[in-house]
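So the sequence shown is numbered by the UniProt record's numbering: it starts at 1 and just counts up by one. Ideal placement from N, C-alpha and C gives every residue a C-beta, glycine not left out. Everything below concerns the one structure shown next.
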Amino acid sequence: MIQHQTQKQIVVIGGGVMGVCSAYFLAEAGHQVAVVEKRSNVAEQSTLGNSGILSAGAAMPWSVPGMRKKILAGMFNQEAPNVLNARLSPSLWRWMRRWMAESEIQRFRAHTHQMQRLASYSQDLLEQIQQHFQLDFEQNPGLLRLFRNEAELAALAPVQELLTECGVVHRLLDEAATRALEPSLASAGKLAGSLHFPDTGSGNCTLFTKQLKAILQGLGVQFHFDSLVTAIDPHGAKVGLHIGGEVLHADAVVCAAGSASAQLLKPLGLRLPLHAIKTYTATASVKNYEVAPHMAALDDKYQITMARIGDRMRLAGIAEFGAKDMAIDDKALRTLLKVAHDWFPDAANFNSASFWCGHTPMLADEVPLIGPTGASNVFVNIAHGGSGWSMALGAAKVLADQISGRAPEVDLDGLTVTRYR
């Protein structure tokens, strides 16, 4: 799959799944690539706490129609998919108002189409890479979007219509068919039905990223760890990266630095409404394999995902607004555990789960930003939000095509920085 003609020296800032996928397709295009990462290995920040969800069926904005009402209702519930922190700043309040405005039905539809283009493309690319390199990253087929009551099902028609428009393969199942397809739901409580997505549902994102890193090292891609980029300095045909008092020069730079990206790009004149939203995961060891799920699941009410990753189960979700620390919020913990016990009460040791929280950088419209920044030879691949892994390969291939002067195979409408220029 790899072409061997070297065209440019390119540095990728960031060793998460976005940065490593970007490096892969740039190397495939024949470029000489280096990855600079401030941690001691790849996949040690947001990628480490990835939900494990790969299904294109889950690639939708969090800000769904009616989000303002849901946020307000959640303020008074002990378990809720969103947490408002008392330390909300004026800038974050402004961002949240804009974010909630993006839930207007026409905007939501447009953003879903944009995300689905990348997610569907990523599925195709993942199959090619997996088969070519014979990768095993604990992947499992299938995702079930679970509904607790008839009211949730009744509100489903517009979503199904949108999924059909986007070409996402899915089918609606009643309670009996859902339990038959996933027998581990036999002991679950209220279940009205589900949407079944048969594509690749889940996997181990950290393992996948490290396997891709090993492939890239074998192809000559350089990885520079414990290296913090403090500034990007484009000048002429070159770009300088300031790292620990030294300057590294390259023909082009890709910023895939997650939450740090906005600060790096601001001196270049690119002011992005990028906010880091705190998200949570809980990982528990499977204790009863006969009742542990094989497919991934998404709780429609709480927007929490549940994925079987080898001999563990990972629960992920909750959006906490305004928190800059790494403390575990009690409300978030209760919600994760409640959802796990509701659906798969005997599957894993949930009460002794290990918890993780991290900051997911998001734009108000939740659509990724890919391609040239307007600054000479500086590119971005950022802001993929909670559905990052589902879109990672597609976004990286689009980026590599742009840098290589090739026409991307995906419509770029709404995906580039022109929406902020």
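- In this structure, residue 36 keeps its C-beta atom at 8 Å or more from the C-beta atom of residue 23.
- Counting along the chain, the unbroken beta strand (DSSP E) around residue 315 starts and ends at 312-321.
- Under the three-state reduction of DSSP, residue 70 is assigned to helix.
- For residue 278, the number of other beta carbons within 10 angstroms of its own is at least 16, and it is reported as buried.
- The three-state secondary structure of residue 367, taken from DSSP, is coil.
- The alpha-carbon separation between residue 18 and residue 396 amounts to approximately 7 Å.
- Put simply, of 259, 226, 180 the residue whose alpha carbon is nearest the alpha carbon of residue 243 is 226.
- DSSP lists 36 as the beta-bridge partner residues of residue 224.
- DSSP places residue 121 in the uninterrupted alpha helix (DSSP H) bounded by 105-133.
- About 27 Å separates the beta carbon of residue 140 from that of residue 359, a gap too long to meet the 8 Å contact definition.
- Going by DSSP, residue 401 is part of the alpha helix (DSSP H) stretching over 388-403.
- Here residue 252 is actually not in contact with residue 352; their C-beta atoms are around 47 Å apart, not less than 8 Å.
- Judged by DSSP in its simplified three-state form, residue 50 adopts coil rather than helix or strand.
- Between the alpha carbons of residue 155 and residue 402 lies a gap of roughly 39 Å.
- Counting only the Cα atoms, residue 12 lies some 14 Å from residue 43.
- Taking 8 Å as the cut-off, the Cβ atoms of residue 138 and residue 85 do not count as close.
- Under the three-state reduction of DSSP, residue 300 is assigned to coil, being neither helix nor strand.
- Under the DSSP assignment, residue 13 falls in the beta strand (DSSP E) whose first and last residues are 9-13.
- Excluding sequence positions up to five before and after residue 408, its CB lies within less than 8 Å of the CB of 397, 398, 401, 402, all in the same chain and listed in chain order.
- The shortest CA-to-CA distance from residue 237 to any of 14, 25, 383, 378 is the one to 378.
- In the structure shown, the three-state DSSP call for residue 204 is coil.
- Secondary structure of residue 266 (DSSP, three-state): helix.
- Apart from sequence neighbours up to five positions away, the residues of its chain that approach residue 163 with a beta-carbon distance below 6 Å are 170, ordered along the chain.
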